[in-house]
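Per the numbering used here, the sequence shown starts with residue 395, numbered consecutively.
Note that CB positions come from ideal geometry on N, CA and C, so glycine has one too.
Before any comments, here is the structure.
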Amino acid sequence: MKLFLVDAVSTFRNSYVIRCNEQGDALDAVALNEANEFSQEWLGETTSRVREITEDDYLVLFDKDNEYLKEWSVEQKKSLIHLVKYDQSQKAYDPMTDGKAEI
395 MKLFLVDAVS TFRNSYVIRC NEQGDALDAV ALNEANEFSQ EWLGETTSRV
445 REITEDDYLV LFDKDNEYLK EWSVEQKKSL IHLVKYDQSQ KAYDPMTDGK
495 AEI
């Protein structure tokens with residue numbers, strides 16, 4: 395089966411309550427990260443791109459994006475690949491028998 399990297403952006407609405415003299419001062423307080431968040435609401439996720447990658451690409455991206463997990467084994471890294479199950483007879487991904495796991 396092929397591997398696809400799907401990038402998505404999550405959007406939140408953050409609210410702040412600010413006491414000040416002018417609207418511009420309230421905007422500045424938020425822009426300068428001076429105000430404490432009052433509330434937030436998740437507005438959803440939007441897919442920004444999808445592209446096919448190789449297993450070697452995956453391992454390079456894994457180490458780049460998850461630097462704190464670089465010491466994981468190849469098997470552990472591949473355990474985060476989601477498998478789409480098309481029917482009930484399809485087994486879960488096994489990096490020891492599927493793909494090119496290196497031991």
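Candidates the options: closest to residue i by CA position
| i | options | result |
| --- | --- | --- |
| Cys414 | Glu461, Glu428, Phe398, Val454 | Glu428 |
| Val411 | Ser404, Asp401, Ala423 | Ala423 |
| Glu435 | Met395, Arg407, Lys479 | Arg407 |
| Arg443 | Val403, Asp419, Tyr462 | Val403 |
| Thr441 | Met395, Val478, Lys396, Thr405 | Thr405 |
| Phe398 | Asp481, Leu477, Asn460 | Leu477 |
| Ser433 | Thr448, Val454, Ser409 | Ser409 |
Residue i, buried or exposed, once every other Cβ within 10 Å from all chains shown has been counted against 16
| i | result |
| --- | --- |
| Phe456 | buried |
| Lys472 | buried |
Bridge-paired residues (DSSP) for residue i
| i | result |
| --- | --- |
| Leu397 | Ile447 |
| Val478 | Answer is none; Val478 lacks a bridge partner. |
Run of the alpha helix (DSSP H) containing residue i, from where it starts to where it stops
| i | result |
| --- | --- |
| Gln470 | 468-472 |
Every unbroken beta strand (DSSP E) within the stretch 411-464, with a cutoff of 3 residues, ordered by chain
433-447
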